[in-house]
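Colleague:
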Amino acid sequence: NLGRIDGVLLHNPDLSKPDAIITACGWLKNQGTKFVGISTEPDRNAVKIALEAGLDCLQFPYSAWDRRAEDDIFPHAGKGLKLIINRILGGPEKSKAAKSIKDAAAFISERRDKIGVAIVGTKSIEHLKEVVDMLRTQG
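First residue of the sequence shown: 2, per this note's numbering; consecutive thereafter.
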């Protein structure tokens, strides 16, 4: 028994080995883990594995600048698979960074019906304060 672990995401598992992922996730569920999923790049194989394994969630990058998930992943929203997005401000590539946090938030807000959780990463204390201020004004 793993004790009190509510959720586990396997980070960037080898999608060419679905049986290993399904076995690992099944073991986590059998140990009492409430939520099990995978964190990966948008990929139709990730969705297929997640659905076959009965996973709870799938985490992937998604933003106004990275919309790869729209065709392969978003159609499965609301069908038992919670979608978690990250890199909503553009990710580590500065050339893809959002011009403003407000613009990034507006883009994501328009797609709330598909997204269960949005992870907002920050790069500095000032950036964190800007994100917090923006979220407070969004209500």
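A virtual CB, placed ideally from N, CA and C, is assigned to each residue, including glycine.
Quick one: measure Cβ to Cβ for N87 and G122, integer angstroms, because I've assumed they're closer than 8 Å.
Modeller: Numbered from its first residue, the sequence shown carries residue 87 at position 86. Numbered from its first residue, the sequence shown carries residue 122 at position 121. Indeed they touch by this definition, with Cβ atoms about 7 Å apart.
Colleague: Would you call S24 buried or exposed, if buried means 16 or more other Cβ atoms sit within 10 Å of its Cβ?
Modeller: Stepping through the sequence shown from its first residue, residue 24 is reached at position 23. It should be pointed out that residue 24 corresponds to Thr in this sequence rather than to Ser. Exposed, because fewer than 16 other Cβ atoms sit within 10 Å of the Cβ of T24.
Colleague: So which of D15, L52, L90, S64 has the shortest CA-CA distance to L82?
Modeller: Numbered from 1 along the sequence shown, position 81 holds the residue referred to as residue 82. Considering only alpha carbons, the answer is L52.
Colleague: Compute the distance between the beta-carbons of P19 and E42, then report whether it is under 8 Å.
Modeller: The residue labelled residue 19 in the question sits at position 18 within the sequence shown. The residue labelled residue 42 in the question sits at position 41 within the sequence shown. No, they are not a contact pair.
Colleague: Grouping DSSP H, G and I as helix and E and B as strand, with all else coil, what is L16?
Modeller: The residue you call residue 16 lines up with position 15 of the sequence shown. Three-state result, L16: coil.
Colleague: Would you report the Cα separation of N13 and S40, rounded to the nearest angstrom?
Modeller: The residue you call residue 13 lines up with position 12 of the sequence shown. The residue you call residue 40 lines up with position 39 of the sequence shown. Their Cα atoms are separated by approximately 6 Å.
Colleague: One question on the structure: do L90 and S64 come within less than 8 Å of each other, judged by their Cβ atoms?
Modeller: The count along the sequence shown starts at 1 and reaches residue 90 at position 89. The count along the sequence shown starts at 1 and reaches residue 64 at position 63. Contact: yes.
Colleague: In whole angstroms, what separates the C-alpha of R45 from that of I22?
Modeller: Counting from one through the sequence shown, the residue named residue 45 turns up at place 44. Counting from one through the sequence shown, the residue named residue 22 turns up at place 21. Near 15 Å, if we compare the C-alpha coordinates of I22 and R45.
Colleague: Going straight from the alpha carbon of K103 to that of V132, what length do you get?
Modeller: Within the sequence shown, numbered from 1, the residue matching residue 103 stands at position 102. Within the sequence shown, numbered from 1, the residue matching residue 132 stands at position 131. The alpha-carbon atoms of K103 and V132 are separated by roughly 8 Å.
Colleague: Determine the extent of the alpha helix (DSSP H) in which H103 is found, giving its start and end residues.
Modeller: The count along the sequence shown starts at 1 and reaches residue 103 at position 102. Residue 103 is actually Lys in this sequence, not His. 102–110 is the span of the alpha helix (DSSP H), which, as asked, contains K103.
Colleague: As an exercise, report each continuous alpha helix (DSSP H) stretch of at least 4 residues that is fully enclosed by the stretch 17–63, in chain order.
Modeller: Counting whole runs of 4 or more residues, the stretch 17–63 contains the alpha helix (DSSP H) stretches 19–31, 45–54.
Colleague: Rank T34, V48, L29 by C-alpha distance to the C-alpha of L16 and give the top, closest one.
Modeller: On the sequence shown, residue 16 is found 15 positions in, with the first residue counted as 1. Answer by Cα proximity: V48.
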